[in-house]
Amino acid sequence: MKSLKPAKQRFITEHTVGMCGVGKFRKRLGLDSENRCPLCGLEEDHLHVPRCPSDRAKTQWQFLLQELQEWFQSTTTATPIAQFLGALLRTIRNPSNQPQPETPWYRLQGMSSSALTQVCEAQLRLGPQCLLEGLLVHGWADLQQQFYHSRGSRRSGNLWAANLS
């Protein structure tokens, strides 16, 4: 956060606590007469936005998840990391599909499976909303750095994590 511009820090802080341009606060500020989502008509707060049941919101969510997968590919993200983080974000709209750290596809040559499992479990404890808001467990940068090192890449795991966040 300290490396971000003050306006970005303020936006992230306000969004994280729910003080952003959604129905709840638009009504409170007198900008709207109702606290309703324009897509589905349900009460709208910052938690509703990624979970909105409208078809348009579902389509947009799928598009954003696809963009994230493309970003993972362009940054040569370790497959187990990309799969786990993608799976965790998908649980925002489908909470019953929690990814499990012991699943075999989380294992990858050049990466300690026990370290990966620990980081996955720690991120699971924080939950998908924290991930969506950019709160990453510190170990992701280390694991991605190990992966880059195993491939002879000079890329930085810390820069990867900062960009993902």
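Numbered by numbering that gives the first Met the number 0, the letters in the sequence shown go through residues 0 to 164 in order.
Where is the CB? At the ideal position from N, CA and C, for every residue including glycine.
Just so you know, these numbers come straight off a predicted model, no measurement behind them.
What residues are listed by DSSP as bridge partners for residue i?
{"i": "Glu42", "result": "Arg35"}
Helix, strand or coil for residue i per DSSP?
{"i": "Gly156", "result": "helix"}
{"i": "Glu132", "result": "coil"}
{"i": "Arg89", "result": "helix"}
{"i": "Ala77", "result": "coil"}
{"i": "Leu123", "result": "helix"}
{"i": "Pro49", "result": "helix"}
{"i": "Trp104", "result": "Its pLDDT being 43, under 50, Trp104 is placed unreliably by the model, and the measurement read from it follows with that caveat. In the structure shown, Trp104 sits in a helix (DSSP, three-state: H, G or I)."}
{"i": "Arg150", "result": "coil"}
{"i": "Ser2", "result": "coil"}
{"i": "Ser164", "result": "coil"}
{"i": "Gly29", "result": "coil"}
{"i": "Ser95", "result": "coil"}
Assuming residue i and residue j make a contact with CB atoms under 8 angstroms, what is their CB distance in whole Å?
{"i": "Leu87", "j": "Pro49", "result": "Contact flag wrong, Cβ pair sits at about 13 angstroms."}
{"i": "Leu130", "j": "Leu64", "result": "Going by Cβ atoms, the distance from Leu130 to Leu64 rounds to 12 angstroms, so no, they are not a contact pair."}
{"i": "Leu135", "j": "Leu163", "result": "7 angstroms"}
{"i": "Thr12", "j": "Glu132", "result": "10 angstroms between Cβ atoms; not a contact."}
Does the stretch 74-92 come close enough to the stretch 137-148 to have 3 or more Cβ pairs within less than 8 angstroms?
-> The stretch 74-92 vs the stretch 137-148: in contact.
Is it true that the stretch 112-125 meets the stretch 30-37, where meeting means three or more beta-carbon pairs spaced less than 8 angstroms apart?
-> The stretch 112-125 vs the stretch 30-37: no contact.
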